[in-house]
Every structure is written in structure tokens, then in C-alpha cells.
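K.L.:
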Amino acid sequence: GLGAFAATFVLPKFAFAATEDAIAEFTGGAATGQGDLTLTAPEIAENGNTVPIEIDAPGAEAVLILAAGNPNPDVATFHFGPLAGSHVASTRIRLAGTQDVVAVAKMSDGSFVEARQEVKVTIGGCGG
Amino acid sequence: GQWARLAAQQSLTQEDLIGGPGSGTVSLVHITDIHAQTQPIYFREPEINLGVGAVNGKPPHITGDAFRSAFGIEAGSARDYALTHDDFVSLAKAYGRMGGLDRIATVVKAIKGDRPEALVLDGGDTWQGSLPALRTQGADMVRLFNALGTDAMTAHWEFTLGSERVRDIVEGELDPAFLGANIFDAEWDEPAFEPMQMFERGGHQIAVIGQAFPYMPIANPGWMFPELSFGIRQERMAEVVQSARDQGAAAVVLLSHNGFDVDRKLAADIPGIDVILTGHTHDAIPEPVMVGKTALIASGSHGKFVSRVDLDLDGSGVKGIEHRLIPIFSDVIAPDPEMAALVEETRAPFAEEMSEVLGETSSLLYRRGNFNGTWDDLICNALISEREADIALSPGFRWGASLIPGQQITREDVFNVTAMSYPEAYRTEMTGEFLHTVMEDVADNLFNPDPYYQQGGDMVRVGGLGYRIDISKPQGARISEMTLLRTGAPIDPATSYVVAGWASVNEGTEGPPIWEVVESHIRRLGTVSLEPNDSVDVVTG
Amino acid sequence: MAENVTPRVRVPSSASAGETVTIKTLISHQMESGQRKDDAGNTIPRSIINRFVAAFNGETVIDVTMEPAISTNPYFEFQAKIPESGTMSFTWYDDDGSVYEESKEITVG
Ligand SMILES: [Mn+2]
Ligand SMILES: [Mn+2]
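From first to last, the protein sequence lines stand for chains A, B and C. Counting from 728, one number per residue, gives the positions in the first sequence under my numbering. Counting from 51, one number per residue, gives the positions in the second sequence under my numbering. Counting from 19, one number per residue, gives the positions in the third sequence under my numbering.
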């Protein structure tokens, strides 16, 4: 069934300036590249208020998570300590609509790596 | 198969339909999406079944002539009637109803006569879709599918009985293994049901992995199963396939409720699955669709077909696969007396209520295809007139039996297209802008070029509203020219319209059950007669 | 102090020396984003857990700074290396100054 009829539900595509600013703050303005960073998120969120994400960043000291379409893109920053058993971590985040989730990893050599995954936040539909 | 060459009903025989002894060493029997239809019914296949992106024009996204020429089917033949939409009414009169669980039992017994260890696998959407299933909370179907000798199942609509009821059934009433590799506890993210069952057959280990409908909390009310999380979970599937191999599986079978396009992508992305028994999208395809070494089998819906898959196995794995899509022509296949008696028993408490005649139809009533069918039009008309609305919305369900012109409409028929656990017919106001957002959202769930962003199901059905859809455009740009049919005026983004609908996934939705709304409308009409609906302009370019 | 804040953790009670173990944590907390309004139309002030730290025998495993986009009842799953027997400690820091703590012993045998 179609859901969320009673709620005011918008699917905003915000300007991405705030996201770019947040990335620049994290990298100190350095460019980000592709590399050893995997961001896993569902293609379609079961519930925009609790979207599971996982990062896997073997060579990273820290990983910044942003939600590029939220009014405020900041989500979290993971720092891995000396007793981290791996650089894999999961949490659950809020997404205000269909958008890219962005992860930026600060690698131990000082370089920065970025990964993105689009997550669809849908009103709901019905099926077979 | 043999039955393809038989031109008329009188030359069809049960033996032709079921076929002779199979090949190989291990057999699978696949039934899916029966939607609690224990009786022979009419079911018209879709006229419009569009595929986008890479699957455009590939099965199952072909209909009519394209379908016939792809599979060498003669127009007007039994296969044509069973698998395509055109000329449905006259072919229905010639070939009769299809399905019936007592006929299915005959077929299963015949296959087991040839291959006693055949695995009987149910793809789900079994416990919902009829009045008795609704009233017994699925108990009738559980009993019947136990009696059929089902070995394993997976699920979708089952969870709309509530997760507590599903747990009770699985722990107390259910014989088959209830499998769902992608069903997780939402709090700790740990498996909530068994992912796989290993069966020893003919000296081989056969791994059957279950995959429940991935988009449960989006397409159906999440509040009915709040502690569960689903999803495609491709990495999890890869792990389960690997563990099946590690445990010595000679064949890995995925009993899936992903929908066909999702399974096609999954087969490409996860090597090592020998057979995917697909479900959810209700497609019936007469031959396996091969993706690399994986055979995708699509066995239709509503009890119209049973698939038999014969696997030729040796120590190193699957050497060959043979498939028969067996059509259940109810006038040709004899009912199995034991199953017939059991079905009768489950229906008896409701027989009188179900048989009450509400009216009759002079139009073909069907609901299958990407856009409105006539059943949908009737439901939308009922919502507009009974709930005094400008616009009606009805979900794009793919289930619901057809009625042919001249048939009486009984209460059972109405329940066959409406029976479910969140039937409230709501009445609310929506702005034009919000309506557009809703339509765009649903359209993307159907026409996103990446199957993992699709949910299966069809476009939301509308009444009182016309629109144009260009399926090739991105979300937000597909729907245009929305028009209020009553006045012919364009839908104004800022204006509020009175909208009636049903099957909202929101908790606390209020309104009379949809079957009461439809019943009262049919009683008022006496005879249902529907004009062709040209209010949706579809652009496929 | 936020009400009914209850941490829960899943930690194995034993490990072999140098083993990597999986840890899961949940803490019940509203995570009020500061963007919602109450029935009277007033903005409900932000009140979230803004930092989570897991350490073993005082050495950091993971240290996460959190914003209001972290869901209600924050959940984390991660892995820790266990060099010897000791204590895995978990600390959550609330906007209101509250600190919530939980710890589990892991025996290396
Ligand atoms: Mn179905
Ligand atoms: Mn389904």
C-alpha cells in the first residue's frame, strides 16, 4: 500500500555545497581519490529514520560519514585505535530523502579516499 | 513440451500435460504465489509488462505476439491461453479455468510416482488472498500445503499476518522448512530464520536456500513485523551459497521471492547458484532463462502452473537441467480426491458467506499489467462513489483472479482481489504536488533501470485522474499532464483534492474494509460494465 | 539527564590471545535532533549522545563522534583485537554532560 499519506513527506535534493564544505574541512582542502574504502548501504531504505551503513577502510585512521541530502550533512566520524580488530564498522543513520551517503577516509599515509552509495528513501508501494 | 502442439482442449490429456518420466537424478517441484487460490480460476496474464534498461524486451517483459514468437506458441492454442492476454475471453470459454489445489495435488503425486524423492518447494505468497485464508489467518493454507508434502517455503505476504502469527505457525503448525537468508532481527542484525536446508536426495546433498521478499517494510506495513529487517543482502547470499558448497552441496537451489529482474541481477553477481526458482513478480516463462550457468525458473501464480525441474547430478555438480512448465487445466487434470476433500473442509465454514451473489459483470474483470486493469477500475470507481472522492488510488497488486463477461460476482470473487490484513478504505486530502510525488515515487519503484532499486508490483492504479508517463525518464520527470477527469482541468500543485484509497502501510489508518466498499458499489450497479480506460498515456520511448 | 538510558553490549566472554572479536552495542536514547517541533510549534532542543568510545584495558578500539543524523538508540558494530585477558569498556557522552558506562570482562585462556 501507499504509505505516509498523512505525513508531510518531501524528497529534497539539497544543494551539495554543505557536503563539499564538510569534506574540505576534513581533508584540509586536499583532493580525495578512489581507493581502499567500501561503503555498504541498502539500495532502498526500509525506514529513512534508521538506515544501516557499514564502512570497510583497511588503511584508514579515520572515516567521515556524510548524508549529502540532509539539511545538515554531518553524520559521524569514526577513529580507529590501536586495538581495532579491523577497520570495519557499522551504525544506523537518518536520511531525510533519497540521496548519496558519502564516506571519506583519511589513510595512514595522509591521503584521502572517498566512496558514495545512493540510498532511495521511498514512500512505499505494493507488489506481487 | 508436448502440450504445445495440441491445438484444442479435447485433444489435451492429463498425461500430455504432466509428461512422462523425467531425466536426471533429482527433481524439484516449484509452486509460487498461489495467493490462497485453492479453486480453479480464470487469470489473465498481462498486456503491458514493460522492462527498462538492460531487460527491455527480454522475458518476462514481453507480451502478446512477442511472447508467442519468442517461445513458438501458436495463436489460439492452449499455451497461448495459459501464457498471454489476447483473445482471453473466447479462449477462457474454450479451455476453461486453470489451477485448483486438488489438481495440483494430482500433478505432484504423478511426479512423485515417477520420482518419489522429488522436493516440493513453495515460493511464498501462499497464506494470503482469499476469504478463508484471511479468516483463519493462513491456517487453511498451512494445512493444505502440509498435506501437499511441501519440503520448504519462503515468504512475502505471510508476514502481513504479523510476525507473531508467522512465528506461531512456523513453530507449531508448519511442516515445510521456513527459509529466509535475508530475514534479520532489526535490533542486533542477526539471522531471524533459517537461511538454508540441506536435503539428501538420490545420494546427493541438495541445498535449498530461501530468500524472502526484500522490501517487506516498504511495500507492506512494517509495524506488523517491527522486529524484522529484510533487504536483498547480496553479501549474505554469497556467504550462504559458499557455506552450502562447503557442506558438500551437489546442487544449490535458491527458492526466491526477489522478483524476476532482481534474481537475474543476483544470478549475475553471485556465481554458484544452479537454479533460482523465482517468485513475486508472477511471471510464467515456459523455458529457463539462463544467466551464466544459473537457470532461472518462473512458475507463474494463482496455481495456474507447476514447474518440474530435473537435475542431472554427478559427484562434481549439475550436468544438466530440464524444465517443464506444467499448466493446470482444471478440466483436463483430475482432482486428487484426498486434497479435494481437505480443501472442501477448509472452505466449509465460509461456503455460505462466500457464495452470496452481489451482482454480475458484462465486462472482463482482470488485474495484471503495469497499469490499471478492469478490476482496478471497478475498485477505484467504488472508492470514488462510495467515499465521495475526487480521486481514487488503488495499489498495484499483481494478485486477484479474473472474471469473464456473463459471470456472477460473488463475495468470494471480491475477496479474491481484496483479502488482506490492512484493508481500510481511507479518505484524505492531498495536494496536487503531493499526488505527483506519490506517482513519481511508485513509478521509480517499478521503472528504475537498476533492478535493486525496484520493488516489484505495478504502478499505483488511479481513478478520476489521467496522466502521461514516460518510463525512460528519471524519478521526478516521468509523470506529466495530470488531469482531474471530472472537470478536465489540470491538477494544480497547490490545490487539495479529496483522495480515497486502501491498503495504506501506515498504522492507524481508518475506514471501512475495501471489500465492503466494493460490495456496496456492485450491489448498487447490479451489472458491472466498464468502458475501456484510456486515462493513462504510456510513453516507452 | 536523559531518561531511561540503558546501554546493552554483546561481547564474547572469552577469546584466544591476539584474536579479533566482533562487538555490538546499543544504547536506548531518543537522539533528539534539534530539528523537530513540539505540538505548540516550539523547536525541541537538540539532545544527543555525541561521542562513543570503546577501549580494552585502556587502549582505544574505536572512538566515534556523532551528529544528530545518528538514529534513535545508537547502534555500533565493530571488531577488537584481544591481546590478553582484561576489560572491554564502553563510554557514551551525552550533550547534557551525562556519561554512561558499561564494561565486560574477556578471558584469554
Ligand atoms: Mn505474489
Ligand atoms: Mn510477493
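For glycine and all other residues, C-beta sits at the position ideal for the given N, C-alpha and C.
Check the Cβ-Cβ distances between residue 860 of chain A and every residue of chain C, and say whether any is below 8 angstroms.
P.N.:
With chain A running from 728 to 855 in the structure shown, residue 860 of chain A is simply not present.
K.L.:
Note down, in chain order, each residue of its chain lying with its Cβ closer than 7 angstroms to the Cβ of residue 67 of chain B, except the 5 sequence neighbours on either side.
P.N.:
Residue numbering aside, residue 67 of chain B sits at position 17 when the second sequence is read from its first letter. Counting only Cβ-Cβ distances below 7 angstroms, and skipping sequence neighbours, we find 53, 376, 377, 379, 382, 383.
K.L.:
Please list, in chain order, all residues of the same chain as residue 736 of chain A whose beta carbon is under 8 angstroms from its beta carbon, the five residues on each side excluded.
P.N.:
Here residue 736 of chain A corresponds to residue number 9 of the first sequence, with the count starting at 1. The pLDDT assigned to residue 736 of chain A is 40, lower than 50, so where the model puts this residue is not dependable; a value taken from the coordinates is nonetheless given after this. Taken in chain order, the residues that qualify are 850.
K.L.:
Considering only residues of the same chain and omitting the five flanking positions on each side of residue 120 of chain B, which have a CB-CB separation below 7 angstroms?
P.N.:
As a working note, residue 120 of chain B is residue 70 in the second sequence. 109, 112.
K.L.:
Starting from the C-beta of residue 426 of chain B, find all residues in its chain whose C-beta is less than 6 angstroms away, skip the five residues before and the five after it, and write them out in chain order.
P.N.:
As a first step, residue 426 of chain B is located in the second sequence; it is residue number 376 there, counting from the start. So the qualifying residues of the chain are 417, 444, 511.
K.L.:
Please report the distance separating the alpha-carbon of residue 475 of chain B from that of residue 760 of chain A.
P.N.:
Locating residue 475 of chain B in the second sequence gives position 425, counting from the first residue. Locating residue 760 of chain A in the first sequence gives position 33, counting from the first residue. Going by the C-alpha atoms only, they are around 52 angstroms apart.
K.L.:
Using the C-alpha atoms, what's the distance from residue 61 of chain C back to residue 133 of chain B?
P.N.:
Working through the second sequence from its first residue, we reach residue 133 of chain B at position 83. Working through the third sequence from its first residue, we reach residue 61 of chain C at position 43. Cα-Cα distance, rounded: 58 angstroms.
K.L.:
So with CB distances below 7 angstroms, who are the chain B contacts of residue 122 of chain C?
P.N.:
Locating residue 122 of chain C in the third sequence gives position 104, counting from the first residue. Result: empty, since nearest Cβ-Cβ is about 16 angstroms, beyond 7 angstroms.
K.L.:
Expressed to the nearest angstrom, what Euclidean distance is found between the alpha-carbon atoms of residue 567 of chain B and residue 478 of chain B?
P.N.:
Position 517 of the second sequence, counting from 1, holds the residue named residue 567 of chain B. Position 428 of the second sequence, counting from 1, holds the residue named residue 478 of chain B. Near 16 angstroms, if we compare the C-alpha coordinates of residue 478 of chain B and residue 567 of chain B.
K.L.:
In this structure, how does DSSP classify residue 351 of chain B when only helix, strand and coil are distinguished?
P.N.:
Counting from one through the second sequence, the residue named residue 351 of chain B turns up at place 301. In this structure, residue 351 of chain B counts as coil in the three-state DSSP scheme.
K.L.:
At a CB distance below 9 angstroms, what residues from the stretch 85–98 of chain C approach chain A? Give them in sequence order.
P.N.:
Listed by position, the residues of the stretch 85–98 of chain C near chain A (Cβ gap below 9 angstroms) are 85, 86, 87, 88, 89, 90, 91, 92, 93, 94, 95, 96, 97, 98.
K.L.:
Spatial neighbours of residue 779 of chain A within its chain, please: CB distance less than 6 angstroms, with the 5 preceding and 5 following residues excluded, ordered by chain position.
P.N.:
Taking the first residue of the first sequence as 1, we reach residue 779 of chain A at position 52. Result list for residue 779 of chain A: 819, in chain order.
K.L.:
So does the stretch 745–762 of chain A actually touch the stretch 830–842 of chain A, counting three or more Cβ pairs closer than 8 angstroms?
P.N.:
Contact between the stretch 745–762 of chain A and the stretch 830–842 of chain A is present, because at least three Cβ pairs lie under 8 angstroms.
K.L.:
Roughly how many whole angstroms lie between the Cα atoms of residue 77 of chain C and residue 101 of chain C?
P.N.:
As a working mapping, residue 77 of chain C is identified with position 59 in the third sequence. As a working mapping, residue 101 of chain C is identified with position 83 in the third sequence. Approximately 11 angstroms, taken between the alpha carbons.
K.L.:
Closest Cβ-Cβ distance between residue 739 of chain A and chain B: below 8 angstroms?
P.N.:
For the purposes of this step, residue 739 of chain A is taken as residue 12 along the first sequence, with counting starting at 1. Summary for residue 739 of chain A: the model assigns pLDDT 43, below 50, so the residue's position carries little reliability; its value from the coordinates is reported in the next sentence. False, the Cβ-Cβ gap to chain B never drops below 8 angstroms.
K.L.:
Could you have a look at residue 272 of chain B and say whether DSSP puts it in helix, strand or coil?
P.N.:
For the purposes of this step, residue 272 of chain B is taken as the residue at position 222 of the second sequence. Helix.
K.L.:
How big is the Cα-Cα spacing for residue 310 of chain B and residue 348 of chain B?
P.N.:
By one-based count along the second sequence, residue 310 of chain B stands at place 260. By one-based count along the second sequence, residue 348 of chain B stands at place 298. Their Cα atoms are separated by approximately 8 angstroms.
K.L.:
Residues of chain D with a CB under 8 angstroms from the CB of residue 273 of chain B: which are they?
P.N.:
In the structure shown, chain D cannot be found, because the protein chains are A, B and C.
K.L.:
Quick one: which residues of the stretch 765–776 of chain A get their C-beta closer than 7 angstroms to a C-beta of chain B? List them in chain order.
P.N.:
Listed by position along the chain: 769, 770, 771, 773, 774.
K.L.:
Closer than 7 angstroms to a non-hydrogen atom of ligand 2 - does that hold for the CB of residue 207 of chain B?
P.N.:
In the second sequence, the residue the question calls residue 207 of chain B occupies position 157. True, at least one ligand heavy atom lies under 7 angstroms from that Cβ.
K.L.:
Give me the residue from B/332, B/392, B/324, B/340 with the minimum Cα distance to residue 369 of chain B.
P.N.:
Position 319 of the second sequence, counting from 1, holds the residue named residue 369 of chain B. Of the candidates B/332, B/392, B/324, B/340, the one whose C-alpha sits nearest the C-alpha of residue 369 of chain B is B/324.
K.L.:
So is residue 118 of chain C buried or exposed if we call it buried at 16+ other beta carbons inside 10 Å?
P.N.:
Position 100 of the third sequence, counted from the start, is the residue given in the question as residue 118 of chain C. Result: buried.
K.L.:
Rounded to whole angstroms, what's the CA-CA distance from residue 139 of chain B to residue 845 of chain A? Just pull it up for me.
P.N.:
Numbered from 1 along the second sequence, position 89 holds the residue referred to as residue 139 of chain B. Numbered from 1 along the first sequence, position 118 holds the residue referred to as residue 845 of chain A. Rounded to whole angstroms, residue 139 of chain B to residue 845 of chain A spans 45 angstroms at the Cα level.
K.L.:
Could you pull out every unbroken beta strand (DSSP E) segment of at least 3 residues lying fully inside the stretch 455–513 of chain B, listed in chain order?
P.N.:
You should have 458–460, 475–481, 511–513.
K.L.:
State yes or no: is the C-beta of residue 477 of chain B nearer than 7 angstroms to some heavy atom of ligand 1?
P.N.:
Here residue 477 of chain B is taken as the residue at index 427 of the second sequence, counted from 1. Residue 477 of chain B Cβ: outside cutoff for every heavy atom of ligand 1.
K.L.:
Assuming the contact rule is C-beta atoms closer than 8 angstroms, residue 424 of chain B and residue 433 of chain B should be a hit. Round their C-beta distance to whole Å, please.
P.N.:
Working through the second sequence from its first residue, we reach residue 424 of chain B at position 374. Working through the second sequence from its first residue, we reach residue 433 of chain B at position 383. Their Cβ separation, rounded to whole angstroms, is 15 angstroms, which puts residue 424 of chain B and residue 433 of chain B out of contact at 8 angstroms.
K.L.:
If you pair each beta-carbon of the stretch 533–547 of chain B with each one of the stretch 386–400 of chain B, do three or more pairs fall below 8 angstroms?
P.N.:
The stretch 533–547 of chain B vs the stretch 386–400 of chain B: no contact.
K.L.:
Given that residue 819 of chain A touches chain C, what residues does it touch there, using C-beta distances under 7 angstroms?
P.N.:
Sequence index remark: in the first sequence, residue 819 of chain A carries index 92 (1-based). In chain order: 89, 93.
K.L.:
Between B/486, B/526, B/584, B/564, which has its C-alpha nearest residue 540 of chain B's C-alpha?
P.N.:
Reading the second sequence from its first residue, position 490 is the one you call residue 540 of chain B. Ranking B/486, B/526, B/584, B/564 by Cα distance to residue 540 of chain B puts B/486 first.
K.L.:
State the Cα-Cα distance for the pair residue 470 of chain B and residue 806 of chain A, rounded to the nearest angstrom.
P.N.:
As a first step, residue 470 of chain B is located in the second sequence; it is residue number 420 there, counting from the start. As a first step, residue 806 of chain A is located in the first sequence; it is residue number 79 there, counting from the start. So the alpha carbons of these two residues sit roughly 48 angstroms apart.
K.L.:
What does DSSP give as the partner residues of residue 261 of chain B in its beta bridges?
P.N.:
In the second sequence, counting from the first residue as 1, residue 261 of chain B sits at position 211. In the DSSP output, where bridge partners are listed per residue, residue 261 of chain B has B/306.
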